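Chains as they are written, first to last, in the working numbering: chain A, 69 to 348; chain B, 69 to 348. Everything on this sheet refers to the single structure shown next.
2 protein chains.
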Amino acid sequence: MKPLDDQQTTTRSWFESLRDRICAEFEAIEREAGSDASFVFTPWDRTESDGSEGGGGVRGQMTGQVFEKVGVNVSSVGGTFSPEFAASIPGADEDPSFFATGISLVAHMANPHVPAVHMNTRFLTTTRRWFGGGADLNPTIPNDEDTAAFHARLRAACAAHDPTFYPRFSKWAEEYFWLPHRNVARGVGGIFYDRLEDHFDSHFAFTRDVGEAFLDVFPQIVRRRMNQPFTDEDRTKLLEYRGRYVEFNLLYDRGTLFGLKTGGNIDAILMSLPPVATWS
Amino acid sequence: MKPLDDQQTTTRSWFESLRDRICAEFEAIEREAGSDASFVFTPWDRTESDGSEGGGGVRGQMTGQVFEKVGVNVSSVGGTFSPEFAASIPGADEDPSFFATGISLVAHMANPHVPAVHMNTRFLTTTRRWFGGGADLNPTIPNDEDTAAFHARLRAACAAHDPTFYPRFSKWAEEYFWLPHRNVARGVGGIFYDRLEDHFDSHFAFTRDVGEAFLDVFPQIVRRRMNQPFTDEDRTKLLEYRGRYVEFNLLYDRGTLFGLKTGGNIDAILMSLPPVATWS
């Protein structure tokens, strides 16, 4: 892998520091629930197909009382795309060199009233450079208050940067987080964005704000719902709902595909899958 | 859908009669275990994208004591492939009309010592006509006696038709029932075949014999293992192993892809997924 330049090291550091703050906050929530659960961090290395060093990452995972399974992965990988894959990546058709750094988080919650959540932001470098990411809320039992709070906070993060961002990116999330084979949405949406290029400083600032918005709003939702009583029937619904999440991730998710195509760490890629899911 | 010709009605009838015999045998096993579980059959219709009638099928499912979840689906669908999909199907590039009839079975067993199993045989018609199918054994705790019995019975079915069949088709199963992202086999193999064309009578006879072999050998394996004691740890392994099965079916399985691409019945297509699976 080539030595990193300033933009690559700066973005990587941001994703790592965001990871540290999120993990600390999630562990604090576990403490409030009387649990001493904490994240276990496992580093992994990526090897290029020619055997050379291709970066790596750190997979963080916690099994708690509130967070039944939460994975937070920061990966910073680079090398050369395979020719078939390079053809589908902007700026990689003539020179297949790439570097990608990002944070990816999925939380599956024990209480069916607490929504599952996904957040991912990333910086990609080929002969072009761009940011992408998103966050979406996946409640088994949708609650208007939580859905509104989640969207409002992301809307505010977007509005500080560009008035077109929230309308465009929330619509993109609606289209992206969709299960065509069942003709249903995967959750209650959020934002999805990609290919924010040409203005590194402002797009990096926006990407940081998406992380800040997530870190602000999701813990509020968790604390509001984590002690709400639930029935066996609610829990049954939760496990069925997680089946839809598995279907989305294995059939459609771009991050999963990207990881599998670029020889990423399999445990990190599939860390998004729920601890347990059912199909009736 | 066009009216069916003799080959199409004859093959469809075979798949339906095989389904009836398999379901009766599986219900008999449930009786031996003291359960009164029986199959529930749900017919479904398929509609072409232009709204015309496109065939359908019957989904059979049983939740028992021995068979934690078993699905047997016979589908007979026809119409016109979408242009993109037609390009990938033999004989459909110039005329996208098709008819497909087949049986598809997946059994997830309650006792970790009883292997899960998959069996599918089918007859496809475009401007060409061919048989395909296969069967493979998926034990959580592999047992040489069961694996040997399963392969021996399929080998015998193959040998009665063509000395090259078993070597070719068992190797094809090894390659096909493989999880490249984990670099592990999905189970202990079996046979996989496709594109057996030009000799309807002999290939239909072979396809019938694959069904007969399955109906002969799998119930023997089930009866041998169904009362074997198991530990909580064995059951934990079973649920993890089922996670690999989910990954295979959603990431790679051709039948799943075919169903999703041709607007099949979603409950029938995903009936193969286990009742419950875990990811650590």
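Using N, Cα and C, we set each Cβ at its ideal position, and we do this for glycine too. None of these values were measured; they are calculated from a predicted model.
Across the set A:L318, A:N295, A:L307, the C-alpha of A:L318 shows the shortest separation from the C-alpha of F245 of chain A. For the C-beta of R250 of chain B, the chain A residues within less than 8 Å are, from N- to C-terminus, I334. Under the DSSP assignment, N141 of chain B falls outside any alpha helix (DSSP H), being part of the beta strand (DSSP E) whose first and last residues are 135 to 148.
Distance from the CA atom of W82 of chain B to the CA atom of N179 of chain B, rounded to whole angstroms, is 31 Å.
Contacts with chain A (Cβ-Cβ distance below 9 Å) from the region 295 to 316 of chain B involve L307, G311, V314, E315, listed in chain order. Within chain B, W347 have C-beta atoms less than 8 Å from the C-beta of P342 of chain A, given in sequence order. Restricting attention to A:S340, A:D74, A:A184, the CA atom closest to the CA of V256 of chain A is found in A:A184. Judged by DSSP secondary structure, N206 of chain B falls within the beta strand (DSSP E) whose first and last residues are 197 to 206.
For L328 of chain B, the chain A residues whose Cβ falls inside 9 Å of its Cβ are P248, H249, L319, in order along the chain.
The beta carbon of S143 of chain A is closer than 6 Å to those of G125 in its chain, skipping five residues each way along the sequence. If you compare the alpha carbons of B:T79, B:D88, B:G132 with that of S103 of chain B, the shortest gap goes to B:G132. Here W112 of chain B has G124, G125, R127, N333, A336 as same chain residues with Cβ atoms under 7 Å from its own Cβ, once five neighbours each way along the sequence are excluded. A straight-line Cα-Cα distance of about 19 Å links D163 of chain A and E121 of chain A. Note on geometry: alpha-carbon atoms of M294 of chain A and M177 of chain B lie some 35 Å from one another.
In the DSSP assignment, E121 of chain B falls within the unbroken beta strand (DSSP E) covering 121 to 130. In the DSSP assignment, the residues bridged to A253 of chain A are A:W246. When DSSP reads this structure, H186 of chain B sits in a beta bridge with B:V174, B:D204. For L338 of chain A, no alpha helix (DSSP H) encloses it, and the DSSP letter there is neither H nor E. In the DSSP secondary-structure assignment, G258 of chain A is bridged to A:D204.
DSSP lists B:G146, B:T193 as the beta-bridge partner residues of F167 of chain B. Of all residues in the region 157 to 185 of chain B, none is placed with a Cβ closer than 8 Å to any Cβ belonging to chain A.
Beta-bridge partners assigned by DSSP to T115 of chain B: B:E121. Within the same chain, Y234 come within 7 Å of A227 of chain A by CB-CB distance, once the 5 residues on both sides are set aside.
Taking a beta-carbon distance threshold of 8 Å, L338 of chain A counts as an interface residue toward chain B. With a contact defined as Cβ atoms closer than 8 Å, R263 of chain B and P158 of chain B qualify at about 7 Å. Here DSSP, grouped into helix, strand and coil, assigns F109 of chain B to strand.
The beta carbon of E116 of chain B is closer than 6 Å to those of G122, G147 in its chain, skipping five residues each way along the sequence. Fewer than three Cβ pairs drawn from the region 264 to 271 of chain B and the region 236 to 252 of chain B lie within less than 8 Å of each other, which leaves the two stretches out of contact. Taking a contact as a CB-CB distance under 8 Å, the pair F167 of chain B and T193 of chain B counts as one, their CB atoms being some 4 Å apart.
Close CB contacts of F237 of chain B within its chain, under the 7 Å cut and outside five residues either way in sequence, are with C226, I259, F260, Y261 (chain order). The C-beta separation of P343 of chain A from K137 of chain A comes to about 4 Å, placing the pair in contact by the 8 Å criterion. CA-to-CA, the gap between E301 of chain B and A345 of chain B works out to about 14 Å.
In the three-state reduction of the DSSP assignment, L72 of chain B falls in the coil class, being assigned neither a helical nor a strand state. When secondary structure is reduced to three states using DSSP, T304 of chain B falls in the helix class.
In the DSSP annotation of this structure, the continuous segment of the alpha helix (DSSP H) that includes T215 of chain A starts and ends at 212 to 227. Bounds of any beta strand (DSSP E) do not take in A160 of chain A, whose DSSP letter is neither H nor E.
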